[in-house]
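Novice: Under mature numbering (1 follows the signal peptide of the UniProt record, and there is no 0), the residues of the sequence shown are numbered -32 to -1, 1 to 150, in order. The structure is given below, and queries will be raised subsequently.
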Amino acid sequence: MALRDKRDMERFDMLRKVTPLALCLFPLAACASASTEYPSLSVRDAERIEGQFNSPSTAPVAAQPALPSADLRDRLAQLKAEASTAHTAFLGAAPAATQKVDAARGTAIASDRWAIAQVALADLDSHRSKTAVALADLDILFTERAIALEQRGAVAETRETVTRMIAEEDAVLSRLRGELSQ
């Protein structure tokens, strides 16, 4: 009886080792097929589309840009006037500043003529700053309209005008500072 129990144990051990392998192979056998017929991958009749799409016969009408509101036009006119006033004051003060810089050219730093020229340049900077304030307000208007997806052409035109004024003022200031440093 002991021998028989030993054989039973060996068989049990063998079954225990083979069973997981057999369980793994059975699902693989289900994938194997002797058939060589596969479904066609060609387009079926139900998948065919027939017909025509007619294009519209009239050309689309381009939308006219919206005119700026009266409030916006007034604000743009005000900012342009402020910038023009500051620019005119700058251009009016520039000849006197040029004379003072010419008089200070070649003098020592901190001499009276040099200090007078620096004050004249500071006066020009003050006028330029007033022009720049108008440009900053125009930048804010431009950005607000861009965020709101509104037309910003009128703001851009006014902004470009003021930007040209500031560029002219910057050129004068740069020239005078260069002359003073010689």
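Even for Gly, the Cβ is constructed at its ideal location relative to N, Cα and C.
Please go through the same chain and pick out, in chain order, the residues whose beta-carbon is closer than 8 Å to the beta-carbon of residue 113, but skip the five residues on each side of it.
Specialist: Here the set comprises 119, 120 and 123.
Novice: With the cut-off set at 8 Å, would you say residue 72 and residue 82 are in Cβ contact?
Specialist: Yes, the Cβ-Cβ distance between residue 72 and residue 82 is below 8 Å.
Novice: Specify the secondary structure class of residue 94 as computed by DSSP and reduced to three states.
Specialist: It is helical.
Novice: Could you give the distance in angstroms between the alpha-carbon of residue 36 and the alpha-carbon of residue 130?
Specialist: In a straight line, the C-alpha of residue 36 is about 19 Å away from that of residue 130.
Novice: By the three-class DSSP mapping on this structure, what secondary structure does residue 75 have?
Specialist: Looking at residue 75 - three-state DSSP - the assignment turns out to be coil, as it is neither helix nor strand.
Novice: With a threshold of 6 Å on Cβ separation, who are the neighbours of residue 140 within its own chain once the five nearest residues in sequence on each side are excluded?
Specialist: So the qualifying residues of the chain are 62.
Novice: Could you check what DSSP says for residue 4 in three-state terms: helix, strand or coil?
Specialist: If DSSP states are grouped into helix, strand and coil, residue 4 belongs with coil.
Novice: Identify whether residue 144 lies in helix, strand or coil by the three-state DSSP scheme.
Specialist: Note: residue 144 maps to helix in three-state DSSP.
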